[in-house]
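S.K.: Supplied in structure tokens, the structure appears directly below.
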Amino acid sequence: MIEAQILPTPTGPLALLSHEGVLVAAGFTADPHDMFVRLSPALRACGLERVDDLGHAAQAVRDYLDGDLKALDAVPVSQPGTPRRQRLLAALREVPPGTTIHYAELAERAGMPRTAARAAGGACAQNLIAPFVPCHRVLPSTGGLGGYYYGTPVKQWLLSHEAGAR
């Protein structure tokens, strides 16, 4: 069974989806089904159930919101992807809170300096576990915030929160 919990945040509800204690999806939505439909067919076959408390993952969100910016890093996550995508997602989790990098730098940190920034952008766009896999910390080299699956106001709030809580 995929267990789901909705947590309030200053930027809107955050849905957390967990399977056997590992976070498989998270996103800024009030409807966990929005995240559930993005999971692999194998995980969707497990079914979805709302719960009152996911334990460690939910507490990590509360701690993050209270200023412990590294709290999300301790939560185990799992999402599908090629070995190349997995390296990009792992590199993304290494970007410290309160800092930002560009897509080309993300590719370089993943050990793929010849990879186009487009591949790094694709990994961010397909990220199922925001903000635990912090794609909000990646900005375009041309300036500005760039895009964000949950909207640039959410991205701006996350970046401002991290800058202010450091």
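Sequential numbering of the sequence shown, starting at -16, is according to the numbering used here. Just so you know, even glycine gets a beta-carbon here, dropped at the ideal spot from N, CA and C.
#1: Go ahead and pull the three-state DSSP assignment for Leu0.
#2: Which stretch, first to last residue, makes up the beta strand (DSSP E) that contains Val5?
#3: When you compare only the Cα positions, how much space is there between Ser1 and Ala(-13)?
#4: Of the choices Phe19, Gly(-5), Pro136, whose alpha-carbon is the least far from that of Ala28?
#5: Can you tell me where the alpha helix (DSSP H) with Gln69 in it begins and where it stops?
#6: What separation, rounded to the nearest whole angstrom, lies between the Cα atoms of Asp35 and Tyr47?
#7: Output the distance between the C-alpha atoms of Asp17 and Gly134, rounded to the nearest integer angstrom.
#8: Using 8 angstroms as the threshold, is the region 50 to 63 in touch with the region 6 to 15, meaning 3 or more CB pairs across them?
#9: How is the beta strand (DSSP E) around Ala(-13) delimited, first residue to last?
#10: Please list, in chain order, all residues of the same chain as Gly159 whose beta carbon is under 6 angstroms from its beta carbon, the five residues on each side excluded.
#11: Find out if the Cβ-Cβ distance for the pair Ala108, Tyr86 is shorter than 7 angstroms.
#12: Quick check on DSSP: helix, strand or coil for Arg21?
#13: Could you check whether Ala146 and Gly81 sit closer than 7 angstroms to each other, using their CB atoms as the reference points?
#14: Taking 7 angstroms as the threshold (C-beta atoms), are Ala54 and Ala41 in contact?
#15: Could you tell me how far apart the beta carbons of Leu72 and Gln62 are, in whole angstroms, since I believe they sit closer than 8 angstroms?
M.R.: According to the data block:
#1: strand
#2: 5 to 10
#3: Taking the straight line joining both Cα atoms gives about 6 angstroms.
#4: Ranked by Cα distance from Ala28, the first of Phe19, Gly(-5), Pro136 is Phe19.
#5: 66 to 76
#6: 19 angstroms
#7: 15 angstroms
#8: yes
#9: -15 to -10
#10: What is shown of the chain runs -16 to 149, which leaves residue 159 out entirely.
#11: no
#12: Coil.
#13: Judged by beta-carbon spacing, Ala146 lies within the 7 angstroms limit of Gly81, meaning their Cβ atoms are closer than that value.
#14: no
#15: 7 angstroms
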